[in-house]
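In this note's numbering, the protein residues as written are 9 to 341. We put the beta carbon where it would ideally sit given N, CA and C, even for glycine. Since the structure is predicted, the reported quantities are computational estimates derived from the model, not experimental observations. Data first, discussion second: the structure below is written as structure tokens.
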Amino acid sequence: MDACHFRCAEGQAFEKGHFEREQTRTCALFDKTGAAESIDCSLFISGAAKMTAQNGFGQILSPLSVDEALAAMAHGAVPIAGATWVMRAPLRHEPLPGQLLSLSGLNDLHDLTIDTKCASLGAMTTHDKLAVALAPHADLSGLAAAAGNSANPGIRRVATLGGNIATSAFAASDLAPALLAADATVILATASGQKALPMETFLASRAGLGHGGLILRVEIPRSPRNAAHARLPMRKAGDYPCAIVSISVSVLAGMIADIRIAVGAVEPTARRWTALEDRLIGTAYDPARAEAEARKLTDGFTAREAIDAPGWYRLSVLPVLLRRAFLKLQAGV
Ligand SMILES: Cc1cc2nc3c(=O)[nH]c(=O)nc-3n(C[C@H](O)[C@H](O)[C@H](O)COP(=O)(O)OP(=O)(O)OC[C@H]3O[C@@H](n4cnc5c(N)ncnc54)[C@H](O)[C@@H]3O)c2cc1C
């Protein structure tokens, strides 16, 4: 077998033939065609992966290139980033994946660059890193607030951008509406090459992601807009929000020149509120008026009924969240 390299927790590269026999757990080694051969390995790739292994996961692979990752995914391996969603499979009464693929060794996925034209955010960027890096930039501050207020500090240190947006079953993602408002594009690696999908298109197609699409990064065009994010958790920090409004707006002489508004957690998938955008463009920047207009247009949503909140409640708080998002920007526009 023509072995590819995989990497263990300590960052040490190894391949078939160089492997030490005292290791006890199982990893797989893939050749260039993706064919796998089991080897023993107790060097798990991260704390989270170690925990999931003890809870019944099978093999954990740690590829060093996107091609190796795609080959493993083609054979059924499930990507694992921060593991904060994957590890909760039993709570959702879902089976644990038999073979996991750590993305931690894919260096490009950890890159984060911000220049005057584009913010390029690697899929493995954690929420806390996003929050810190984006906060100084007015046009990116909605995404910074989404990342910095999601979940709790422990989760924010490990949960990633890619993991947050990959799961179609996760309705309350904070990053999805913020990325919609920011006009983001998702860059995917697939067996047939790289694809750049506008966030809307990505969200509509991501249910099939498990069959081969690997999120590499998200790109956001820089703009002279201001952005804000308003969310409502039901009880305390750490709860999922029952409704989210993200806005990105440019204001000229007190009038709204352009605006993108995105709503999360209300329907199963985040989406733009284009009817409200159309109503507000060309009008004065006025939080109270924006709330009043929003109240007339909530019937365009089919709100989720779920254990945290009934659908009618999600709709009733949307206009208030919109006003709060407007108020956050009022001093700066
Ligand atoms: C108590 C708690 C509260 C939370 N509250 C919030 C909140 O308020 N707001 C919020 O937005 N999030 C919240 N989260 C986080 C959220 O629920 C997910 O757990 C998290 O976003 C998943 O990110 P991850 O990196 O851990 O993904 P993982 O669990 O590693 O993976 C999740 C899914 O994404 C896939 N995946 C991961 N990376 C990629 C990639 N690069 N390409 C393709 N597929 C990929 C995996 O295969 C898996 O299917 C909370 C989590 C917890 C535990």
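Just mark residue i as buried or exposed, buried being the case when its beta carbon has 16 or more other beta carbons within 10 Å.
| i | result |
| --- | --- |
| Leu211 | buried |
| Val262 | Here residue 262 is Gly; the residue named in the question, Val, does not match the sequence. It counts as exposed. |
| Met59 | With a pLDDT of only 35 at Met59, under 50, the local geometry of the prediction cannot be trusted, and the value read off the model is given with reservation. The residue in question, Met59, is exposed, as its Cβ has fewer than 16 Cβ neighbours within 10 Å. |
| Trp320 | exposed |
| His101 | exposed |
| Met207 | buried |
| Gln202 | exposed |
| Ala339 | exposed |
| Thr306 | buried |
| Leu330 | buried |
| Pro144 | exposed |
| Ala57 | Note that Ala57 scores a pLDDT of 37, beneath 50, so its modelled location is shaky and nothing firm can be said. |
| Ile4 | As displayed, the chain neither begins before 9 nor continues past 341, which places residue 4 out of reach and without an answer. |
| Arg352 | Nothing can be reported for residue 352, as the shown portion of the chain is limited to 9 through 341. |
| Met132 | buried |
| Phe334 | buried |
| Asn115 | exposed |
| Gly84 | exposed |
| Ile88 | buried |
| Glu76 | buried |
| Ala180 | buried |
| Thr282 | exposed |
Please identify the residue among the options whose C-alpha is closest to the C-alpha of residue i.
| i | options | result |
| --- | --- | --- |
| Arg268 | Ile163, Leu196, Ile255 | Ile255 |
| Ala152 | Ala278, Ile163, Arg280, Thr134 | Thr134 |
| Ala296 | Pro276, Val328, Ala265 | Val328 |
| Leu240 | Ile252, Gly246, Arg230 | Ile252 |
| Ser213 | Ala159, Ala174, Ala298, Ala89 | Ala174 |
| Leu69 | Trp93, Val94, Gly113, Arg96 | Gly113 |
| Glu285 | Leu196, Ala278, Ala273, Val257 | Val257 |
| Met81 | Arg164, Ser181, Pro105 | Pro105 |
| Val166 | Lys137, Lys336, Leu142 | Lys137 |
| Arg233 | Leu109, Ile163, Ala146, Asp119 | Ala146 |
| Thr209 | Leu222, Ala199, Thr193 | Thr193 |
| Pro161 | Ala139, Phe309, Cys250 | Ala139 |
| Leu78 | Ser158, Ser200, Ala141 | Ser200 |
| Ala159 | Gly246, Ser110, Leu169, Ser73 | Gly246 |
Confirm, please, whether the CB-CB distance from residue j to residue i is below 7 Å.
| i | j | result |
| --- | --- | --- |
| Leu117 | Gly130 | yes |
| Gly150 | Ala186 | yes |
| Ile228 | Ala127 | yes |
| Arg322 | Ala238 | no |
| Ala298 | Ala189 | no |
| Thr121 | Arg230 | no |
| Val278 | Gly272 | For clarity, residue 278 is Ala in the given sequence; the question names Val instead. Cβ distance < 7 Å, so Ala278 and Gly272 count as in contact. |
| Leu224 | Ala184 | no |
| Lys336 | Ala236 | yes |
| Glu301 | Arg312 | no |
Using a Cβ cut-off of 7 Å (strictly closer), state whether residue i contacts chain D.
| i | result |
| --- | --- |
| Arg322 | This model lacks chain D altogether, as it is built from one protein chain only. |
Q: Could I get the ranges of all uninterrupted alpha helix (DSSP H) runs contained in the region 241-314, with 4 residues as the minimum, in chain order?
A: Counting whole runs of 4 or more residues, the region 241-314 contains the alpha helix (DSSP H) stretches 282-288, 295-304.
Q: Let me know the beta strand (DSSP E) ranges lying completely inside the region 189-216, each 3 residues or longer, listed in chain order.
A: Runs found: 193-198, 201-206.
(Q) Ignoring anything shorter than 3 residues, give me the beta strand (DSSP E) runs that lie fully in the region 111-139, in order along the chain. (A) Whole beta strand (DSSP E) segments, 3+ residues: 120-122, 126-130.
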